Amino acid sequence: MKFRARVLVSLKEGVLDTQGKAVLVSLKNLGFDVVDEVRIGKSIEIVLSADSMAEAEQKVESMCEALLVNPLIETGRTSLEAIG
Amino acid sequence: MKFRARVLVSLKEGVLDTQGKAVLVSLKNLGFDVVDEVRIGKSIEIVLSADSMAEAEQKVESMCEALLVNPLIETGRTSLEAIG
Amino acid sequence: MDYQKAGLRPHEYETIRRELGRDPNETELRIFGVMWSEHCSYKSSRPLLKLFPKEGPSVLKGVGENAGVVDAGEGWGLAFKVESHNHPSAVEPYQGAATGVGGIIRDILAMGARPIASLDGLFFGRPDSAKTRFLSNGIVKGVGGYGNCVGVPTVGGKTLYDERYEDNPLLNAFCIGLVASDSIVSSQTAEPGNLVVLLGSKTGRDGIGGAAFASAELGEDTKASRPQVQIGDPFVEKLLIEACLEALEKGLVTSMQDMGAAGITSPASEIAAKSGVGMILDLDRVPLREENMAAWEIALSESQERMLLIIRPENLDAVLSLGQKWDLDCAVIGKTVEGNRFILRKDGKIFADLPASLIGGGCPEINWPAERPKDLDLRQSFEFDPSGFSADLSKTLLSLLASPSLKEKTWITRQYDSMVQVNTVQGPGAPLSLVRIKENGNLVAIVMEALPWSCSLDPYRGGYETMARSLRPLWVAGAMHLGMTNCLNFPSPENPEQFWEFSEAVRGLADCCKDLSCPVVSGNVSLYNESAGRAILPTPLVCSVGILPASNFPLLPGKWKEGDLLFLAGIENASIPGSHFQSVLQGRLAGRPLPPSPEMETGFMERALQTARQRLASSAVPLLGGGLGIAIGKEAIASGVGAQIELELPTHPLALFFAEGGARALYAVPAAKVPEFIRTWTGFPFRMIGKVGGDSLCLPHSEPIPLQILSNVWKGA
Amino acid sequence: MNASVVVFPGSNCDRDVLHALGKIAGIPAAPVWHKDSVLPEGTDLVVLPGGFSYGDYLRCGAMAARSPIIRAVREHAPRGGLVLGICNGFQVLTEAGLLPGALLANSNLEFICSPCLLRVERSDTPFTNAYPEGALVQFPIAHHEGLYFLPKEELEKLEDNRQVVFRYAAANGEAGAAYSPNGSLNGIAGIVNLRGNVLGLMPHPERASEKLLGGTDGLGMWNSIKSWLEGGAR
Ligand SMILES: Nc1ncnc2c1ncn2[C@@H]1O[C@H](COP(=O)(O)OP(=O)(O)O)[C@@H](O)[C@H]1O
Ligand SMILES: [Mg+2]
Numbered sequence: 002m003k004f005r006a007r008v009l010v011s012l013k014e015g016v017l018d019t020q021g022k023a024v025l026v027s028l029k030n031l032g033f034d035v036v037d038e039v040r041i042g043k044s045i046e047i048v049l050s051a052d053s054m055a056e057a058e059q060k061v062e063s064m065c066e067a068l069l070v071n072p073l074i075e076t077g078r079t080s081l082e083a084i085g
Numbered sequence: 002m003k004f005r006a007r008v009l010v011s012l013k014e015g016v017l018d019t020q021g022k023a024v025l026v027s028l029k030n031l032g033f034d035v036v037d038e039v040r041i042g043k044s045i046e047i048v049l050s051a052d053s054m055a056e057a058e059q060k061v062e063s064m065c066e067a068l069l070v071n072p073l074i075e076t077g078r079t080s081l082e083a084i085g
Numbered sequence: 008m009d010y011q012k013a014g015l016r017p018h019e020y021e022t023i024r025r026e027l028g029r030d031p032n033e034t035e036l037r038i039f040g041v042m043w044s045e046h047c048s049y050k051s052s053r054p055l056l057k058l059f060p061k062e063g064p065s066v067l068k069g070v071g072e073n074a075g076v077v078d079a080g081e082g083w084g085l086a087f088k089v090e091s092h093n094h095p096s097a098v099e100p101y102q103g104a105a106t107g108v109g110g111i112i113r114d115i116l117a118m119g120a121r122p123i124a125s126l127d128g129l130f131f132g133r134p135d136s137a138k139t140r141f142l143s144n145g146i147v148k149g150v151g152g153y154g155n156c157v158g159v160p161t162v163g164g165k166t167l168y169d170e171r172y173e174d175n176p177l178l179n180a181f182c183i184g185l186v187a188s189d190s191i192v193s194s195q196t197a198e199p200g201n202l203v204v205l206l207g208s209k210t211g212r213d214g215i216g217g218a219a220f221a222s223a224e225l226g227e228d229t230k231a232s233r234p235q236v237q238i239g240d241p242f243v244e245k246l247l248i249e250a251c252l253e254a255l256e257k258g259l260v261t262s263m264q265d266m267g268a269a270g271i272t273s274p275a276s277e278i279a280a281k282s283g284v285g286m287i288l289d290l291d292r293v294p295l296r297e298e299n300m301a302a303w304e305i306a307l308s309e310s311q312e313r314m315l316l317i318i319r320p321e322n323l324d325a326v327l328s329l330g331q332k333w334d335l336d337c338a339v340i341g342k343t344v345e346g347n348r349f350i351l352r353k354d355g356k357i358f359a360d361l362p363a364s365l366i367g368g369g370c371p372e373i374n375w376p377a378e379r380p381k382d383l384d385l386r387q388s389f390e391f392d393p394s395g396f397s398a399d400l401s402k403t404l405l406s407l408l409a410s411p412s413l414k415e416k417t418w419i420t421r422q423y424d425s426m427v428q429v430n431t432v433q434g435p436g437a438p439l440s441l442v443r444i445k446e447n448g449n450l451v452a453i454v455m456e457a458l459p460w461s462c463s464l465d466p467y468r469g470g471y472e473t474m475a476r477s478l479r480p481l482w483v484a485g486a487m488h489l490g491m492t493n494c495l496n497f498p499s500p501e502n503p504e505q506f507w508e509f510s511e512a513v514r515g516l517a518d519c520c521k522d523l524s525c526p527v528v529s530g531n532v533s534l535y536n537e538s539a540g541r542a543i544l545p546t547p548l549v550c551s552v553g554i555l556p557a558s559n560f561p562l563l564p565g566k567w568k569e570g571d572l573l574f575l576a577g578i579e580n581a582s583i584p585g586s587h588f589q590s591v592l593q594g595r596l597a598g599r600p601l602p603p604s605p606e607m608e609t610g611f612m613e614r615a616l617q618t619a620r621q622r623l624a625s626s627a628v629p630l631l632g633g634g635l636g637i638a639i640g641k642e643a644i645a646s647g648v649g650a651q652i653e654l655e656l657p658t659h660p661l662a663l664f665f666a667e668g669g670a671r672a673l674y675a676v677p678a679a680k681v682p683e684f685i686r687t688w689t690g691f692p693f694r695m696i697g698k699v700g701g702d703s704l705c706l707p708h709s710e711p712i713p714l715q716i717l718s719n720v721w722k723g724a
Numbered sequence: 109m110n111a112s113v114v115v116f117p118g119s120n121c122d123r124d125v126l127h128a129l130g131k132i133a134g135i136p137a138a139p140v141w142h143k144d145s146v147l148p149e150g151t152d153l154v155v156l157p158g159g160f161s162y163g164d165y166l167r168c169g170a171m172a173a174r175s176p177i178i179r180a181v182r183e184h185a186p187r188g189g190l191v192l193g194i195c196n197g198f199q200v201l202t203e204a205g206l207l208p209g210a211l212l213a214n215s216n217l218e219f220i221c222s223p224c225l226l227r228v229e230r231s232d233t234p235f236t237n238a239y240p241e242g243a244l245v246q247f248p249i250a251h252h253e254g255l256y257f258l259p260k261e262e263l264e265k266l267e268d269n270r271q272v273v274f275r276y277a278a279a280n281g282e283a284g285a286a287y288s289p290n291g292s293l294n295g296i297a298g299i300v301n302l303r304g305n306v307l308g309l310m311p312h313p314e315r316a317s318e319k320l321l322g323g324t325d326g327l328g329m330w331n332s333i334k335s336w337l338e339g340g341a342r
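Residue numbers (our numbering), protein chains in the order written: chain A, 2 to 85; chain B, 2 to 85; chain C, 8 to 724; chain D, 109 to 342.
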């Protein structure tokens, strides 16, 4: 079976999000003063094969640990869907 | 009212995803041969004030146009929630 | 599909039908549409390019290959070329610039050379407009993003602001590489029975028709009409460089070409035509990134980071394993055969069957009518009237130093890795860049120059001066020139006045090259740089390359010493027309730049070389943008010491200090060397103009400028 | 005395380091491919050079830190072998967990190529014993992700353990966050592990090793390593 996982990787609280800050400033400069906060993260979309949703989940989990997320500065949140 | 918007910015179909390609190779090298495809995008989280959901949506829409999304190569998908 | 949709003119279509003896099919038509576009065929400029002198004792490989190669001594050659990526950079600045850098690097690689340095020429519109900010930020980030990652140092460049580039910014990318003279790769060496191998990235629908896009004016609907933006992947390019160089070193490659405009079709048909072989390509063997690509899409896709290798069958395994080693796609996509047919097949069907030489070489030249601009006389009539300007030289100097085109460019240059490869002797920030060749100890000297203001007033004189000005910094540093490459950025040739300017500028460049024996070894033409009737200034850009033997340390600027005497070598009355003074402070270009003087140039060259070789000065700069005044100002800032300028003033002190052009330089000479310096320069106009010392710059009859202020103004701090 | 310089796909300072070690410092050095899982026999020093390993696409150094050769480096370090990560190599070492912390995007979000003054905070490491403590040296930087980050308590621990070896500084000798060109916490430009045999730094000593190229302050590092390996400095 095929699955599509989406891992949202965001910077941990307390880690300076310079890019988010810069975008905030630019948005304000463009006249969007209604914006309070901007945070920028990564969205990693993975298509993979697995026998079950549970297996797919576990696989993605180990990919996060092995490579996709640096736990010192980031957290990852995974969502999964079966795509046939 | 406050809203939290999340804009998922991904590369258009057909546009070379240099990052995704490199991550795919690396995952395979790490032994994850179950992975077929990796695409990497940005996730932009915005906290903003607006009078209504509709207004918030329209504001985020114009931010995407003005700055957040490069329509030549990217598409943006927005989701919104009221946070009080 | 009709031929006009493919971008062909009626007589071009007729030529095709006549040569083929039949109607071309759709794939063939699309191929001709792209290959016979201005960008690929040079149909409007070919007659002019014949004016350039292409031979010289230094030339190892001349025009006709991807890049020319000159002799760098002890069995080493330098391959170099400059190319435009203007249209793509106007539409998607980051990727446009990035792929421009990537493309020129592959051109150099295609000669078998390891790329050792890049330079970038940037022309932007109004410095304070939002559009310019967007474009310039994106373009600079793109140049850096690509060059930094691929590990080729960006060691210099040129940046100019003028509102006539507002909608059509220019990005010219230069690259130079080092190759053993006996290992230069050629596109003329394929033999029948070779395999055609595609190495690098997979092919997608990127930039299909990009060459045609670069051959028309930018329209209102540029964004919509842009096929698919090319995305650069510098990481893959780095792998490609290493893989190709390794393949060459192991002797696995018979011939090689980079893939740029017109995708696979261009290099493949070029190799076939130049080597005198036929070629059969199976497009279904091309590794694809997207589904359902048509034959013509595969044939014309401009996906980046790909090279075409021609190899002998016995080397296939070794080449495939190199591809594997470097994680690159590597596939045999065809073979060479006897004859001259260029055949494209897919799924067992023949999609194109053409004489190879017709594709790249068959497009008829166009001789556009040229007409001297009607308003030229008016524009050239000019009498300098200083009454409208402040007579205070200090004030004028400060306002020029702060002008966008003259002020410090650190915001750009610090985004470029200028030191990787550990060869950079002089990086950005001087009139020339210097790169050491580890292999023989010699230093390569590179200068990029363009003078659009002068060219718009008098394209012949402007072209001549551009060329001469690109050589003078070499001589002043002590380097002898080896050759030049150029990028001719102009608006539409279909406008007779614009074509006249184009022709005159080329004539000016060519005459200077002939007068000073500087061969033209490569180049590129970019036309149709206009939109909505707004044309760019005529912008021929030149990169000259010279060599300095290992035993001679270069004479560089920024090294004033307390007590040095300052000398101006060269005439005192240069030209206000076309100068920064005129453009910035007068706000209107008028008059005529200096006429060429080959005698002055050669007289200057001999003495400048001698001055450098005998180390008769502590510091030296040729007079460039902003003239004598700016040269003094920048030298003081760079050296961190002031000067007292004392000389008898002519009627127009402003002209003495801020006029431009001509073979001139500013020298700081230690007292002990003065007699020898004077002996060297006797017979050429020169005079002492002051003395180095103190912590302010004192210009005649003007408020002294404290160094700190001078430097802050220049840095925009 | 042997050095191995790891070549990752995308490394671009590997040849520079080989040149500095081999041609200038006189330390025999050879390249090692990232897919190799053992270091060449007799390797005393492993250098992870600068560049853009794997394009630096996910996080700088992340993918390189998972390559086979790093497993060998992990075994080399506990044996007391020397490991030096320069620029991208420093990023790889943090990603591999061989050094603490992470390197984030420069605070101005731009690539910065510029000469930098550094204060040598320790002269008792294998890499810096030829410099007097507190010496000011000039090495260039060239990176986009050089902001050294570590959560507060851990940062304090790092300082307490005297693991900071190079700090961005001013000409008057002051050093610290105020002089970080990239926003680096506490002005940190380079750190060592507790044992002192693994050093990572963002600036490039190999670019400051020849007078012709503008400076020779980097020679001190090669000389330190040499005398350490020859046993003199231990
Ligand atoms: N785009 C650029 N890329 C790299 N270096 C540049 C660039 N623009 C300018 N420079 C460097 O800055 C210096 C001055 O640039 P230039 O545009 O020629 O102005 P000027 O007329 O003041 O010489 C030169 O040393 C040049 O190499
Ligand atoms: Mg210049």
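Yeah, the Cβ is synthetic: ideal placement off N, Cα and C, and Gly gets one too. Quantities reported herein were computed from a predicted structural model and do not represent experimental measurements.
Can you tell me the Cα-Cα spacing of residue i and residue j, whole angstroms?
i	j	result
Arg78 of chain A	Glu56 of chain B	28 angstroms
Asp399 of chain C	His708 of chain C	7 angstroms
Asn110 of chain D	Leu153 of chain D	6 angstroms
Lys13 of chain A	His94 of chain C	41 angstroms
Gly322 of chain D	Asn430 of chain C	10 angstroms
Gly369 of chain C	Ile271 of chain C	18 angstroms
Glu390 of chain C	Glu667 of chain C	16 angstroms
Gln621 of chain C	Ser558 of chain C	12 angstroms
Gly595 of chain C	Gly291 of chain D	It is worth fixing the name first, because residue 595 of chain C is Arg in this sequence and not Gly. Those two C-alpha atoms are separated by around 44 angstroms.
Asp67 of chain A	Ser11 of chain A	Position check: residue 67 of chain A holds Ala in this sequence, whereas Asp was assumed. The straight-line gap from Cα to Cα measures roughly 17 angstroms.
Asp465 of chain C	Gly71 of chain C	30 angstroms
His312 of chain D	Glu253 of chain D	14 angstroms
Gly132 of chain C	Val243 of chain C	33 angstroms
Ala475 of chain C	Cys337 of chain C	45 angstroms
For a test of the three-state rule: what should DSSP assign to residue i, helix, strand or coil?
i	result
Pro547 of chain C	strand
Thr196 of chain C	coil
Arg468 of chain C	helix
Thr261 of chain C	coil
Asp37 of chain B	strand
Phe235 of chain D	coil
Thinking residue i and residue j are a contact (beta carbons under 8 angstroms), I'd like their distance in whole angstroms, please.
i	j	result
Tyr471 of chain C	Gly515 of chain C	4 angstroms
*Report the residues of the stretch 152-169 of chain D with a CB closer than 8 angstroms to any CB of chain B, ordered along the chain.*
Tyr162, Gly163, Tyr165, Leu166
*With 8 angstroms as the limit, tell me which residues of the stretch 26-60 of chain B have their beta carbon closer than that to any beta carbon of chain A; keep them in chain order.*
Ser27, Leu28, Leu31, Phe33, Val35, Val36, Asp37, Glu38, Val39, Arg40, Ile41, Gly42, Lys43, Ser44, Ile45, Glu46, Ile47, Val48, Leu49, Ser50, Ala51, Lys60
*Should the stretch 382-389 of chain C be called in touch with the stretch 682-689 of chain C, which here means at least 3 C-beta pairs below 8 angstroms?*
no
*Determine which residues of the stretch 65-76 of chain A have a Cβ less than 9 angstroms from any Cβ of chain B, and write them out in chain order.*
Ala67, Leu68, Leu69
*At a cut of 8 angstroms, does the stretch 220-230 of chain D reach the stretch 192-202 of chain D through at least three beta carbon pairs?*
no
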